[in-house]
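So the sequence shown is numbered by my numbering: it starts at 37 and just counts up by one.
Idealized CB from N, CA, C, for every residue including glycine.
Everything numeric in this text was worked out from a predicted model, so none of it was measured.
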Amino acid sequence: MDDERIIKMFFNRDENAISQTAEKYGAYCKKIALNILSAEEDAEECVNTVYMKVWQKIPPEKPDIFPAFLAKLTRNAAIDSYRGNKRIKRGAKLISQELSECLSDKETPENAAEHKELVRTINKFLGGLSKKKRKLFVSRYCYCESLSELSFGFGITEDNAAVILCRIRKQLKEYLKKEGFEI
């Protein structure tokens, strides 16, 4: 079933929308959750939480890109679960440390508008990268894939993946400074 029909089912409050979403995107969401949580049971619970959140958000929201919408909800739910359980997964901690040199972690009501502008600016930066570099960056920092997964998926060595990501982070940091963001 195509995404438009699934979204329409959510708008019509048809409970089959959840089963259709699970059938089409369950494995996709679970992979994202597993990359953050590493425990099968926790990932499954996280994905179920995502289905509930989708039900609550559609309507009124109407996502333009349904898989990206699900990925964002899954990543956020997995991170919430990770924090709530106070477990440490080295990969998630490492990813957070890698990006900390580029982004501020101070979240205040005053910077909510700045956050939207930051997202727009990062998207613009990513749009200027080659397709391979953009996919590598998103795979690492949105889907929390390990360096070994990246090296396998992109046909490069782990060291090469690490070097490319380091260079992209440095470029991002400079780009954000140029755009007026405090780093």
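Extent of the continuous alpha helix (DSSP H) run through K98: Neither: K98 is in no alpha helix (DSSP H) and is coded neither H nor E.
Start-to-end residues for the alpha helix (DSSP H) that takes in E40: D39 to F47
Span separating the alpha-carbon of L201 from that of Q56: 36 Å
V83 vs G62 beta-carbon contact at 8 Å: yes
For L162, three-class secondary structure by DSSP: helix
Rounded C-alpha distance that separates E134 from S182: 13 Å
Option nearest I72 by Cα separation, candidates F102, R205, T110 and K171: The shortest CA-to-CA distance from I72 to any of F102, R205, T110 and K171 is the one to T110.
Distance CB(F161)-CB(Y211) smaller than 8 Å: yes
DSSP three-state assignment for T193, whether helix, strand or coil: coil
Local Cβ density within 10 Å of K168, reported as buried at 16 or more and exposed below that: exposed
Close Cβ partners of A114 (< 6 Å) along its chain, the five nearest in sequence each way excluded: A69, I72, L73 and C82
Residue span of the alpha helix (DSSP H) that contains A69, given as start and end: Segment N52 to L73, the alpha helix (DSSP H) holding A69.
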